[in-house]
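Visitor:
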Amino acid sequence: MTSINYTINSKDKRKIYGIIGAVLTLMIPFFLMFTNGDNHLETDQSMCPFKMITGFPCPGCGITKSLVYFYQGNFYKSISYHILGPFVITFSVVSIVILSMELITKKEYFNAVMYNKRLAYGLGVFLVGYHLIRLIFFIKNNSLDSILKESIWR
0 MTSINYTINS KDKRKIYGII GAVLTLMIPF FLMFTNGDNH LETDQSMCPF
50 KMITGFPCPG CGITKSLVYF YQGNFYKSIS YHILGPFVIT FSVVSIVILS
100 MELITKKEYF NAVMYNKRLA YGLGVFLVGY HLIRLIFFIK NNSLDSILKE
150 SIWR
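In terms of numbering that gives the first Met the number 0, the sequence shown opens at residue 0 and continues consecutively.
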C-alpha cells in the first residue's frame, strides 16, 4: 500500500481561499434573500461594527443589502444601497472562474490586472470619494438623534 502526498503551494492555497471567499460573498446574500419576504432588511439594525459604534455607515455598509436586492431583480434598490453591489457580484463570479481555471491549468491569467497598483489606488480613491458623498447625504438626511439611534449609544 502506497501513500500519496499532495502538497499545495502557497499560491494555490491563496487561490482556494479566494474561491471560498467569492462563493461566500455570493451565497450569504442569496440565502438572506429567502428570509427577506417581509422586507425586514430595510428596517433591521445593521450588523456593521463601525455603524454600531458610531451610528455612521462604513464604506462597505449596504453591500449585502445591495446584493440581496440585486438577486431579487430590483436593480435600482440595489444600487441605492451601494453602487458597487452589482460590481461585487461580477467580480466574485469572474474571480471564481479565473482562479478555478488557474488551479486546473496551472497557468496565471490576468495577473497584470489583478495585482495592478494603479487600479487598486484608483478603486480606493473612488471608494473614498463615494463614501464621502454618502456621508454628506447621510448627515443631511438624518438628525443627530436618529444617527445615535443607529448606534449602541442610543
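Heads up, the beta-carbon is just placed ideally off N, CA and C, and yes, glycines get one too.
1) Suppose only complete runs of 3+ residues qualify. What are the beta strand (DSSP E) ranges in the segment 75-146, listed by chain order?
2) Pull up the distance between the alpha-carbon of S145 and that of H130, whole angstroms please.
3) With three or more beta-carbon pairs closer than 8 Å as the criterion, would you say the segment 52-59 touches the segment 110-121?
4) Evaluate T89 with the Cβ neighbour count: other Cβ atoms within 10 Å of its Cβ, from every protein chain shown; 16 or more gives buried, anything less gives exposed.
5) Rounded to a whole number of angstroms, what is the C-alpha to C-alpha distance between I27 and T6?
6) For T63, which residues in the same chain have their Cβ closer than 6 Å to its Cβ, ignoring the five residues on either side in sequence?
7) With respect to the alpha helix (DSSP H) encompassing F29, which residues constitute its N-terminal and C-terminal limits?
8) Tell me which same chain residues have a C-beta within less than 8 Å of the C-beta of V112, skipping the five on either side of it?
9) To the nearest angstrom, how far is it from the Cα of K139 to the Cα of L102?
Guide: According to the structure data:
1) none
2) 19 Å
3) no
4) exposed
5) 30 Å
6) P28
7) 9-33
8) Excluding residues up to 5 positions away in sequence, L118 lie with their Cβ nearer than 8 Å to the Cβ of V112 in the same chain.
9) Computed Cα separation, rounded: 49 Å.
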